[in-house]
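To start, the structure itself, in structure tokens.
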Amino acid sequence: MRQLFLLFNTKRKLAHDKVDQNPPNMYKNPGEAAKISCSHSIDNYDRILWYKQLENRQLQFLGYMLAGSKFPEKGLDVDIEMEGSADKGETCTLTINSLSVSSSAVYFCSLISDGFF
Numbered sequence: 001m002r003q004l005f006l007l008f009n010t011k012r013k014l015a016h017d018k019v020d021q022n023p024p025n026m027y028k029n030p031g032e033a034a035k036i037s038c039s040h041s042i043d044n045y046d047r048i049l050w051y052k053q054l055e056n057r058q059l060q061f062l063g064y065m066l067a068g069s070k071f072p073e074k075g076l077d078v079d080i081e082m083e084g085s086a087d088k089g090e091t092c093t094l095t096i097n098s099l100s101v102s103s104s105a106v107y108f109c110s111l112i113s114d115g116f117f
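Heads up: the sequence shown runs through residues 1 to 117, numbered per full-length UniProt numbering.
Okay, structure coming up:
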């Protein structure tokens, strides 16, 4: 059976970065699910955005968490679930269900401030 490789982040951290995403990568079989967690320690931030980097290096927006509310993007080519909280010190989890070869990609979370949305 062919295994899939999913890279979840590149761990490029600057001195002022306070965002953690785990695990950095994993191998899964088709049909399995993959879970990625994201947390932060930044005051007054309560939004976590999730992205998939496509083969052409463009980003596909998967959705976001606002505090404990989830807002997945509609019409995605990937089956996802979001849970947890985007609040400081909490954990937000992205689950990619029913993995296929097209699921192999770089996935990552990002924070956004209150005034952007």
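All C-beta atoms, glycine included, are put in the ideal place defined by N, C-alpha and C.
Legend entry - Under 7 Å between C-beta atoms of Lys70 and Ser41: Numbered from its first residue, the sequence shown carries residue 70 at position 70. Numbered from its first residue, the sequence shown carries residue 41 at position 41. No, these two residues do not count as a Cβ contact at 7 Å.
Inset, instruction - Flag this pair as yes or no: are the beta carbons of Ile48 and Met65 separated by less than 7 Å? - result: Here residue 48 refers to the residue found at position 48 of the sequence shown. Here residue 65 refers to the residue found at position 65 of the sequence shown. Cβ distance < 7 Å, so Ile48 and Met65 count as in contact.
Legend entry - Outcome for residue 118 when other beta-carbon atoms lying within 10 angstroms are tallied against a minimum of 16: With the chain covering only 1 through 117, there is no way to say anything about residue 118.
Legend entry - Alpha-carbon to alpha-carbon, Leu94 and residue 118: Since the first residue shown for the chain is 1 and the last is 117, residue 118 is missing from the structure and cannot be characterised.
Legend entry - Extent of the continuous beta strand (DSSP E) run through Asn29: Numbered from 1 along the sequence shown, position 29 holds the residue referred to as residue 29. It is not in any beta strand (DSSP E) - Asn29 carries neither H nor E in the DSSP assignment.
Inset, instruction - Tell me Glu81's beta-bridge partners as DSSP assigns them. - result: Here residue 81 refers to the residue found at position 81 of the sequence shown. Its beta-bridge partners are Thr95.
Inset, instruction - Within 10 angstroms of the Cβ of Phe61, are there 16 or more other Cβ atoms? Answer buried if so, exposed if not. - result: The count along the sequence shown starts at 1 and reaches residue 61 at position 61. So Phe61 counts as exposed.
Legend entry - Sequence-distant residues of its chain with Cβ nearer than 6 Å to Ser100 (five each side left out): Stepping through the sequence shown from its first residue, residue 100 is reached at position 100. Same-chain partners within the cutoff: Pro30.
Inset, instruction - Please go through the same chain and pick out, in chain order, the residues whose beta-carbon is closer than 6 Å to the beta-carbon of Leu54, but skip the five residues on each side of it. - result: Stepping through the sequence shown from its first residue, residue 54 is reached at position 54. Answer for Leu54: Gln60, listed in chain order.
Legend entry - Residue from Leu76, Lys52 and Asn44 whose Cα sits closest to the Cα of Phe108: Working through the sequence shown from its first residue, we reach residue 108 at position 108. Nearest of Leu76, Lys52 and Asn44 to Phe108, Cα basis: Lys52.
Inset, instruction - Whole angstroms is fine: what's the gap from Glu81's alpha carbon to Asn97's? - result: Position 81 of the sequence shown, counted from the start, is the residue given in the question as residue 81. Position 97 of the sequence shown, counted from the start, is the residue given in the question as residue 97. Their Cα atoms are separated by approximately 8 Å.
Legend entry - Ser41 - DSSP class collapsed to helix/strand/coil: One-based indexing of the sequence shown puts residue 41 at position 41. In the three-state reduction of the DSSP assignment, Ser41 falls in the coil class.
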